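Peer 1: Got a structure for you, questions after.
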Amino acid sequence: MTEYIHETFGSRAVLQNIRNQNLQRELLLMRDDADRQRYELLEKTTDEQSVFAMPTTYKILSSHGETEELRGWMNFTSLTLNDLERDNFLRRYNNETFAIGTQGFISSYVLQRADNNHEIVILSTWQLKKNWTDWQANSNFSLKRYEHSQYNLRTKQLSFAAFTKQNI
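Counting with full-length UniProt numbering, you get residues 1 to 168 for the letters of the sequence shown.
In structure tokens, the structure reads:
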């Protein structure tokens, strides 16, 4: 069954309101580690349609680890690949164990943006940021070959932000 990750951005208050209107859904409020004033809501679902008015939607192409639910500290690495590069990247990812067995590792996903087949995101989730930092320093799954400007490599890191008391 195909799964998707939907994300939307906004102020904490606006995202809290969206969450309160959709209590039956598992929406995660996340805070950008680089800018503590930037928030986003994430939802992992089998529904291609999002409850968000202006979502960014990703199709999950592949995954490793505990993928039943989306949780933990998150690292997103985005890059732009043509069709052949994407296929080779997926083959390489699927042949790796990608951090399974690394202390603090929860899960990893390869995502493809729904409105741009060439935008690929590697999402990895960890118990702590330090676990990712330690793995990154010793990882054989290097993204160095994609640091050339043609791949538009960029990263963001998100931490869980607790919701305020909900209105039920």
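For every residue, glycine included, the Cβ atom is placed at its ideal position computed from N, Cα and C. Everything numeric in this text was worked out from a predicted model, so none of it was measured.
Out of 4, 9, 41, which one is the CA nearest neighbour of residue 22?
Peer 2: Selected option, being the one with the closest Cα: 41.
Peer 1: Would you kindly report the start and end of the unbroken alpha helix (DSSP H) that includes residue 85?
Peer 2: Taken as a continuous stretch (DSSP letters only), the alpha helix (DSSP H) holding residue 85 covers 83–95.
Peer 1: For the alpha helix (DSSP H) that contains residue 35, what are its first and last residues?
Peer 2: Where residue 35 is concerned, there is no enclosing alpha helix (DSSP H), given that its DSSP letter is neither H nor E.
Peer 1: Might you give, ordered along the chain, the residues of its own chain that have their beta carbon closer than 8 Å to the beta carbon of residue 82, omitting 5 neighbours on each side?
Peer 2: Cβ within range, chain order: 118.
Peer 1: Taking only runs that begin and end inside the stretch 111–162, name each unbroken alpha helix (DSSP H) of 4 or more residues, in chain order.
Peer 2: With a minimum length of 4 residues, the continuous alpha helix (DSSP H) runs that stay inside the stretch 111–162 are 129–138.
Peer 1: Is the beta carbon of residue 7 sitting closer than 7 Å to the one on residue 56?
Peer 2: Yes, they are a contact pair.
Peer 1: Do residue 65 and residue 107 come within 7 Å of each other at the CB atom, strictly closer than that value?
Peer 2: Yes. Within cutoff.
Peer 1: Residues bridged to residue 105 by DSSP?
Peer 2: 126.
Peer 1: So, are the CB atoms of residue 151 and residue 80 less than 7 Å apart?
Peer 2: Their beta carbons are under 7 Å apart, which means residue 151 touches residue 80 by this criterion.
Peer 1: Whole angstroms is fine: what's the gap from residue 167's alpha carbon to residue 14's?
Peer 2: Because the pLDDT at residue 167 is just 46, under 50, the model does not fix this residue reliably, and the point stays unresolved.
Peer 1: Per DSSP, which residues does residue 62 bridge with? Please list them.
Peer 2: 110.
Peer 1: Does DSSP put residue 20 in a helix, a strand or coil?
Peer 2: It is helical.
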